[in-house]
Structure formats: C-alpha cells, structure tokens
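First comes the structure, then the notes that go with it.
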Amino acid sequence: MTLIAAPVGYGKTILTAQWLEETRPRAAWLSLDPDENDPRRLRAHVAAALERADSGPGTELTTPGMIDDTAAPGPTLSAIVDSLAVTDEDIVVVLDDFHVITGAEGHAQVEHLVEHLPPRAHLVILTRADPGLRLGRLRASGDLLEIRADDLAFTCDEAETVLAREGAMLDEDSTRRLMGRTEGWPAGLYLAGLSLAGRDDPDAFVRDFSGGNRFIGDYLVEEVLARHSDELRTFIESVSVLDRFSAGLCDHVTGSTRSGAILRELERTNLFLVPLDDARHWYRFHRLFSAVARTELDLRRPGEARVLQARAAEWFSRRGNVDEAVRHSIAAGDTETASLLVEVHWLHYVDAGRIATVLAWLDAIGPLNEASGPAASMTAAWLAALVGDEAALHAALVSLEAVREHGPLPDGSRSVESATAMIAALFGYDGPDDMMRGAERAVALETDRYSPFYAVANAAMGHAAYVQGDLERALTPLVNAWRNDRAPVIIQVLALAIESLVQDELGETTRAGERADAAMALLESHGLRGVPQASLAFTARGRALAVAGDVEQALAVLAKGLSLRRESPAHGPWGMVHHLVVHARVAAEAGHTELARRLLDELDSQLARFTDGLGAVDARVVDIRRLLHEPDDVGAGQDLTDRELDVLRILQGSMSLQEISDELYLSANTVKTHARAIYRKLGVHAREEAVVAGRQQGLI
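Counted from 1, the sequence shown has number 452 at position 450 by this note's numbering; the numbering is strictly sequential.
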C-alpha cells in the first residue's frame, strides 16, 4: 500500500496520474465523494473501477442494488479480492480524495481490502487527512510506503521551472525568498507565478508577497477554510495571530476547552499544521495559510486580533517567556505592559549578548514621553549608554533629574539616582573624576548583596579606582563583584579582567593570569566570545600571555580583542583605552615599534575628549614611550609647541575650553588634545597646576 497524504495543493493527484502515465500498469482509479460513506456504494464503485480496468468481479456485482447489505466484509469484498488474485499482471487500485470517507464502516471495508491484498495488487490512497486505518502492522512489515508534504514540496530548481513556464523570471535571492514564504507548497508557487506574470518588477512583488495575495487567499479560503465547520474556522482564524501554539495556549487565547482535540484533528487532516517537536506539544501553521487565516480574521471579526494578542501576551508572561510576551503585547497595542516587561528584564537580555533584541523592543514600543515614566526613561538611558549614543543618554538623564529619588526600579536597582550613578561610573563618558563620584555614590546606595546591581556598583568602583591608578582601592570591590553569584556575566568578566590588569601592575603576575583565564572561561561557557564587551577579557589574557613569555600568541589575542572593540563603539570609551595601553605596551616590549606607535597615536585620539583625571593613564603611556626610547617629556616645558604655548597662556584666564577653541579658531577636541599634551609635558594633571608650572618655568 502507498499512502500519499498532504494538504490541498501539493499535487497528490497529478503526481499519481503522471506516474501511471509513465509506468502504464493496469490501474483502477476511483475518485471518492462523500456519498461513498455508504459502505454498499463504496463497494459497488470499487468493483466498477476494477471492471473498467478489466479486473473486476463481474458486472452483476457493480450495481449498488445488487450488492450485499451487510456492513461487515461479505461476498462483494471477497469477490473483489478474488478478482485481484487471479490477475496475471500487477494492478494498481487508486482511491483518490480518501479524506471524504469519514465513517467507521467505510474504513472497515478498505482495511479488509488492505489486509487481503494479493501479491500483485497494489493500493494507492490519496488523502488530505491521515486515514482511519490501522497502519502500524504495514509499517512494521515494510509493506507501507508513505509520501508526505515534505516529499512533495518543490525545491528551488523546481520552483524556477514552474515560474519560468508562467513567464516569471526572478533573481536567485527572490526565488529563495519566495520559497521561504511558500515553504515549497506547489500550489502556492504556481499561484504566485500567475501573480508575477507580466509584472515590470517581479522581484519587488516577491518582497511584498504574503497570504494577502488574491490568488493565494481566494484559493485557500475556497479550498480549505470554507469547507470546514464554523467552530473549526473560527479556531483557525483566532490561532493565526500566534507564531507557535500549544493546546494550553490555544485554550487561553480562544476561551475554548477543546483545543487539544481540535489540534489533533487538524494534524490528522493535514490542515497545514506543522509539528515543532516530537512530542506534538507545539505547532505552527504553514506561513501562507496562517497569513490567509489572519486576513480572514480581520475581515470577519475586525479588532479582535488585538484582544487575542493580549491574551497570548498574558499567557506567555505568566510562564516567563519574555520574548513572546513582549512581542504579543506590542501587537496588542499594549505598550505599557511591553515597556514594563522590558524594564524588568533588559539586564538579563543584555547579559546574554542580546542587546539587539532589547533595542528592537524599544524601537517597536515607540519614543518616550512624559507618560512613559521614570523606569522607562532609565531603561532607555542604560541602553543608550551601552550602545554609545551619548546624545540619547544625555536627553534621558536630563528628563530624570527631577525624579532622582524615584525607586526601586523594576529591574531591581534601588533608585534613579543609583542607576544614574552606575552609568556614570561604568561608562565614564564624562571622564575619570565623574566616574569616581558616580562609583562612590553607587556603592553607597546599592548595598543589597542579593541584587545584581550590588555587583554592578562594586565593579564600577573597582574600575574607576583602576582608571585613577588607586590599585589597592580597586581590589576589594572587584573581588566583591566577580564573586557575587547574582552578578551578571558581563560584570563578572569586567571585574575579572580589570583585576587581572591591577594584579599585573602590582607585580602579582600569577594571580593576574588566573583572573584573565577565569574571564575567558566565563565568555566561553556563555557563548559571548564575539560580543564587544568581551574584548577586555582578551586584553587581560593578552597581557598575561606576554608576561608568561608567549609574545606572539599574546599579540594574536590582543589583535582579536582590538578587532572586537572596533566593531562597535558600545560600552563607553574606557575598554578601548585600556586595550590600547596594554596592546601598545606588549608591542613595545616585543620590539614591534611601529605597531606600538600607531596604537599610542590612536590612544591619543581616544583621550582627546578628556582633560582631567588622566594622571595614571599618562604615567602608563610614559612607561611605554620609555620602552620605545622616546624622550621623557615630563617636566620638559621647554618642548611645548607654539600652539601649546598659546593654549597655556589662555588657560590662565577663566575661559572655558569651548571659548578657547573659538578664540583660536580650533575645534574643541583639538584644544583638548593640546591641553593634555601640556599637562603631560609639564608633569601635571589639572589646569591650575599647568598654569603654576608654566609660570615657574618662565613659559608664561
């Protein structure tokens, strides 16, 4: 027996007819209709089909009135089996549209025929739904061939052939896109070809192709939806708002208690239902079928889709599935619920390397306004800081100035003030001094060791202390951060990497290597090697390898870290600053002079935005320049350039750097670069100190 079971439009009948035409066996074909649910009529029509194929039991048994009245197998079926047994050649019996046979009596007749088929007789059943026959024994014995929708779906080459015959020529990308939309459904591809024929820009049509296309929509409505009961059609249309669904979810969304039974029936009838797991717990609809059903939902029940989406969001939210809860909330127009979900869970997603997901949610929710609330603005500030959008960060922080005491926030941080302080400390967009002020305030506020923000605040404090060169002060908060079991992974990596650099400067090279290895291991175990925030672990690992004597491997690791950091301006400027310092040092120690100088030049441009608090960074740079046998500029005020002397003279007054840049017709960044060079050459760290040193050396 051969079973060809697939939804409408998969070419079951055409396939079988073409096969018979090519192989030309003796064949008896019966196209069934609902009247054949009468077992007497079914037996009569099978006998008649065999008679037409010259293999029948005799004309006296082909008239319904002459057939035995028993429902159980009787003389007629026995005569049919006997007629098949005496044939001297193979014969194929085809029962087309078998899905119309729904009665148990009809199934029993066919099952009897299957069980008593002679060796040279073959039964082919074409059906949209799995038949109510016991197929297990046939499968076990190898006597059943099953051809399903996956077998009948077209390949890209076959799709191109069909489209070309309709005069629709597509490029390779459009063909793949159309295959993805239709999932290889032959009827869908053919109908798409009809729509494409004669179009000036068929590729543009494919980009917009969906179940709303009139040929596809009309075909599926007429051939599928309109042929089912109102209950089943309503169920399908309601569930079409879901990308995937289970019986429990369908019950909640539709208000039904029969979803499990309906899904089993849909699967049995091959109604474009695709199982997503072996347990048959989760399903989805064929994409075009789902799109058509969704269009019908909007036409027949306008506005109900949003109600269904809201119920889906509620169901997913209760089960902790944030992705789908947010998506359905947005689809329901419930941006308040969607925003709250993002506010609660953004840190978890960022920690998993899924910052793009959170950004997409915020974009879909729409721009913030006064009604959005402090928590939404605070979340936006965090994301702006993470991606390096300083303008958006500034705007969000300005909007929060009047609500600094608001808290606790949905993400678990103590208050707006605390979160603002952590952003200042972690990202350092306003320089080292602002970092330290933020860190001190953050650790004073985030004192709950069971909150992830305790670790965030401590990591920020350790980082700020390292930037300022206070190595002993950095150690304790860094250890507090990476040892805390509530700490986000990215915070643990940051704390371990910074501690590695601290231990290296303290001469504790073994401990530095251990911390670098631990940071890399965390990245590996969480699949985060490729995200920008991973680069600092590469920085620490590269330095540890260099200290251990494996310089070439160290440079390779550092090159990888630099590549990661350059891929994105995210996470503030300091990751790049630390990397350039370490990378330049290792290159200088290895004798790669030109590489070291290029890295130091890049470092200068990174630091140009800052004027104060760079004493420790400048000291590290001085050490590298000594390795390169460059002159020690500290205290050598006589080496100031003419332009630097101009800047130093104006620094004596009260003009701001922006005003100085206007006075000298220079950019603000150029003035900052000159000011930093002045500080470095004079061995000072602030404007007032530079003026004093300049006067002492007779420069001004």
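Ideal Cβ placement from N, Cα and C applies to all residues, glycine included.
Local conformation of Ile238 per DSSP, three classes: helix
At which residues does the alpha helix (DSSP H) containing Pro121 begin and terminate? Element bounds for Pro121: n/a, residue is neither H nor E.
Nonlocal neighbours in the same chain, by C-beta distance under 6 Å from Leu428, ignoring five residues either side: Ala462
Should Gly515 and Phe540 be called a contact, given that it needs their Cβ atoms to be closer than 7 Å? Against a cut-off of 7 Å, the Cβ pair of Phe540 and Gly515 comes out as no contact.
Straight-line gap, Gly409 to Leu525 (C-alpha atoms, nearest Å): Straight-line Cα distance between these residues: approximately 32 Å.
Hey, could you find the ends of the alpha helix (DSSP H) Pro277 is sitting in? Boundaries for Pro277: no alpha helix (DSSP H) harbours it, while the beta strand (DSSP E) harbouring it runs Leu275 to Pro277, taken from the DSSP string.
Delimiting residues of the alpha helix (DSSP H) encompassing Tyr468: Pro454 to Val469
Can you name the start and end residues of the beta strand (DSSP E) that Tyr12 belongs to? Neither: Tyr12 is in no beta strand (DSSP E) and is coded neither H nor E.
Tell me whether the beta-carbon of Val223 lies closer than 7 Å to the beta-carbon of Leu310. Cβ distance not < 7 Å, so Val223 and Leu310 don't count as in contact.
Using a 10 Å radius around the Cβ and a threshold of 16 neighbouring Cβ atoms, would you call Met437 buried or exposed? buried
Nearest-angstrom Cα separation, counted from Val208 out to Ser669: Taking the CA atoms as reference points, Ser669 sits about 50 Å from Val208.
Assigned secondary structure, Ala688 (DSSP; H/G/I helix, E/B strand, else coil): Correct three-state label for Ala688: coil.
Taking the alpha helix (DSSP H) that Val346 falls in, what are its first and last residues? Taken as a continuous stretch (DSSP letters only), the alpha helix (DSSP H) holding Val346 covers Thr337 to Asp353.
Hey, could you find the ends of the alpha helix (DSSP H) Ile500 is sitting in? Val491 to Glu507
Could you pull the start and end residues of the alpha helix (DSSP H) that Ile93 belongs to? Annotation: Ile93 is outside any alpha helix (DSSP H); the continuous beta strand (DSSP E) that includes it extends over Ile93 to Asp98.
Take every Cβ of the stretch 544-556, pair it with every Cβ of the stretch 502-516, and state whether three or more of those distances are shorter than 8 Å. yes
Tell whether a beta-carbon distance below 7 Å holds between Asp35 and Arg43. no
Can you tell me which residues form a DSSP beta bridge with Phe287? Leu275
Since Arg28 sits in a beta bridge, which residues does DSSP pair it with? Ile93
Please name the residue, chosen from Val405, His109, Gly617 and Leu557, that lies closest to Ala589 on a Cα-to-Cα basis. Leu557
Thr449 versus Arg416, Ala426, Tyr468 and Thr25, residue with shortest Cα-Cα distance: Arg416
Have a look at Thr643 and Thr422 and give me their C-alpha separation to the nearest angstrom. Near 40 Å, if we compare the C-alpha coordinates of Thr422 and Thr643.
Burial state of Gly574, where buried means 16 or more other Cβ atoms lie within 10 Å: Label assigned to Gly574: buried.
Within 10 angstroms of the Cβ of Val126, are there 16 or more other Cβ atoms? Answer buried if so, exposed if not. buried
Which residue marks the beginning of the beta strand (DSSP E) containing Ile149, and which one marks its end? For Ile149, the enclosing beta strand (DSSP E) starts and ends at Leu147 to Ile149.
Just list the alpha helix (DSSP H) runs in the stretch 565-624, keeping only unbroken ones of 4 residues or longer that don't cross its boundaries, in chain order. 576-591 and 595-609
Hey, Gly328 and Ala340: beta-carbon distance below 7 Å or not? Per the sequence presented here, residue 328 reads as Val, with Gly not at that position. For Val328 and Ala340, yes; Cβs fall inside 7 Å.
Meets three-Cβ-pair contact criterion under 8 Å: the stretch 596-616 and the stretch 647-655: Taking one beta carbon from each stretch, the stretch 596-616 and the stretch 647-655 have fewer than 3 pairs nearer than 8 Å; the two do not touch.
For Ala692 and Gly529, I'd like the C-alpha separation in whole angstroms. Each residue's Cα considered, the two are about 48 Å apart.
Are there 16 or more other CB atoms within 10 angstroms of the CB of Ala446, so buried, or fewer, so exposed? Exposed, since its Cβ has fewer than 16 Cβ neighbours within 10 Å.
Name the DSSP bridge partner or partners of Leu642? Answer is none; Leu642 lacks a bridge partner.
Phe429: first and last residue of the uninterrupted alpha helix (DSSP H) it sits in: Val418 to Phe429
Counting only the same chain and skipping the five closest in sequence on each side, list residues whose C-beta sits under 6 Å from that of Ser176. Asp205 and Val208
Contiguous alpha helix (DSSP H) assignments of at least 4 residues, all confined to the stretch 508-572: 511-527, 537-549 and 553-568
Among Pro412, Ala377 and Val389, nearest to Tyr431 - alpha-carbon criterion: Val389
In the DSSP assignment, the alpha helix (DSSP H) including Ala49 goes from what residue to what residue? Pro41 to Arg54
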